[in-house]
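Q: Just so we're aligned, residue 417 is where the sequence shown starts under the numbering used here, counting upward by one. Don't be surprised by glycine CBs; every beta carbon is placed ideally from N, CA and C. Structure incoming, see below.
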Amino acid sequence: MLVSKDIASRSEQMIAACGLDTLSIFFSEQAETAQRLTYLFHHGVSEDAQAAYRDGRVFEEDPFTRIVDRNDRCGRLVRWGDAALDRQAGRAKEYRQFINCHSVDVVGAWVQQILPQFYLVIGAHCVPKGHRTSDVAHGLLERESAAIAQMVVSQLFEETVSGAGGRGMLHAALDDTDAGSWNAADKLSSRELQIAQLIGAGKQNKQVAYIAGISEFTVENHLRRIYRKLNVHNRAAMTAKIFGGH
Numbered sequence: 417m418l419v420s421k422d423i424a425s426r427s428e429q430m431i432a433a434c435g436l437d438t439l440s441i442f443f444s445e446q447a448e449t450a451q452r453l454t455y456l457f458h459h460g461v462s463e464d465a466q467a468a469y470r471d472g473r474v475f476e477e478d479p480f481t482r483i484v485d486r487n488d489r490c491g492r493l494v495r496w497g498d499a500a501l502d503r504q505a506g507r508a509k510e511y512r513q514f515i516n517c518h519s520v521d522v523v524g525a526w527v528q529q530i531l532p533q534f535y536l537v538i539g540a541h542c543v544p545k546g547h548r549t550s551d552v553a554h555g556l557l558e559r560e561s562a563a564i565a566q567m568v569v570s571q572l573f574e575e576t577v578s579g580a581g582g583r584g585m586l587h588a589a590l591d592d593t594d595a596g597s598w599n600a601a602d603k604l605s606s607r608e609l610q611i612a613q614l615i616g617a618g619k620q621n622k623q624v625a626y627i628a629g630i631s632e633f634t635v636e637n638h639l640r641r642i643y644r645k646l647n648v649h650n651r652a653a654m655t656a657k658i659f660g661g662h
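So, in structure tokens, the structure goes:
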């Protein structure tokens with residue numbers, strides 16, 4: 417996912433108005449079974465720094481995502497120097513080494529938990545030869561970060577709903593009478609659900625095999641198992657049962 421032109425433009429405006437030098441927007445998943453980073457937007461951040469943060473797994477101990485209340489979905493701007501953040505940063509050796517190595521003067525970050533342990537982060541920074549962190553307009557930064565975060569979440573929702581089966585899943589969430597679609601998906605393994613989603617998106621067996629990294633024969637076996645579990649006989653019926661017929 418790449419942010420829209422409107423989000424990129426507003427981010428650039430915020431950088432200039434608030435007195436920042438660099439900005440990063442990304443999703444960070446911190447579940448025990450999977451840690452994943454998805455970059456959405458950068459301004460002034462070198463490719464080396466991006467690679468070091470991602471490939472060096474620095475994001476796994478980023479202190480900003482470690483101090484969010486599990487029940488908080490609203491998001492907030494956490495300033496560098498926040499007491500709770502300082503305690504967490506003191507234990508984050510790789511993170512401290514990263515910001516020192518790449519000369520990052522951290523201003524703060526907007527952190528919003530979209531799903532449990534799935535965070536949207538808007539990180540704001542200065543550089544030693546650029547703006548001073550003490551001159552940053554923090555009030556404006558907080559207001560603009562909140563607005564940009566809402567735009568990102570709206571784009572994510574729109575892209576999810578417009579994807580394969582997305583509208584049916586939305587209706588299922590809004591209408592209890594469509595709960596059967598969710599129950600059908602629950603019967604499938606993660607691999608089977610992946611295959612069903614690809615089929616629902618119009619992919620042929622050969623394409624599914626390539627994307628999933630398995631053989632066509634294995635795809636066919638999975639489809640037969642899916643049909644048996646859902647008591648259906650073809651692709652169209654499978655897609656309708658899992659994702660709804662909307």
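Report yes if the C-beta distance between R495 and V461 is below 9 Å; otherwise report no.
A: As a first step, residue 495 is located in the sequence shown; it is residue number 79 there, counting from the start. As a first step, residue 461 is located in the sequence shown; it is residue number 45 there, counting from the start. No, the pair does not count as a contact, with Cβ atoms beyond the cut-off.
Q: If contact is defined by three or more beta carbon pairs under 8 Å, each pair taking one atom from either stretch, is the stretch 526-540 in contact with the stretch 486-505?
A: Yes, the stretch 486-505 is in contact with the stretch 526-540.
Q: Going by alpha carbons, who is nearest to R503 out of K622, Q533, L418, T481?
A: Reading the sequence shown from its first residue, position 87 is the one you call residue 503. Nearest C-alpha to R503: T481.
Q: What residues in its chain sit with their C-beta under 6 Å from that of K421, if we drop five residues either side in the sequence?
A: On the sequence shown, residue 421 is found 5 positions in, with the first residue counted as 1. If we look at K421 and ignore the five residues flanking it on each side, it has no Cβ neighbours.
Q: Using 9 Å as the threshold, is the C-beta distance between L456 and L418 below it?
A: Sequence index remark: in the sequence shown, residue 456 carries index 40 (1-based). Sequence index remark: in the sequence shown, residue 418 carries index 2 (1-based). Going by C-beta atoms, L456 is nearer than 9 Å to L418.
Q: Would the stretch 443-457 count as touching the stretch 600-610 if we require 3 or more Cβ pairs under 8 Å?
A: Contact fails: fewer than three Cβ-Cβ distances are below 8 Å.
Q: Over the uninterrupted beta strand (DSSP E) stretch that includes L493, give me the two end residues.
A: Counting from one through the sequence shown, the residue named residue 493 turns up at place 77. Residues 492-495.
Q: Report all residues from its chain with a CB closer than 7 Å to the CB of R452; omit the five preceding and five following residues, and keep chain order.
A: The residue given as residue 452 occupies position 36 in the sequence shown. Hits under 7 Å: E445.
Q: Could you tell me whether the stretch 540-549 touches the stretch 425-444, using the rule of 3 or more Cβ pairs below 8 Å?
A: They touch, by the three-pair rule.
Q: For Q610, name the three-state secondary structure that DSSP assigns.
A: Sequence index remark: in the sequence shown, residue 610 carries index 194 (1-based). DSSP places Q610 in helix when its eight states are reduced to three.
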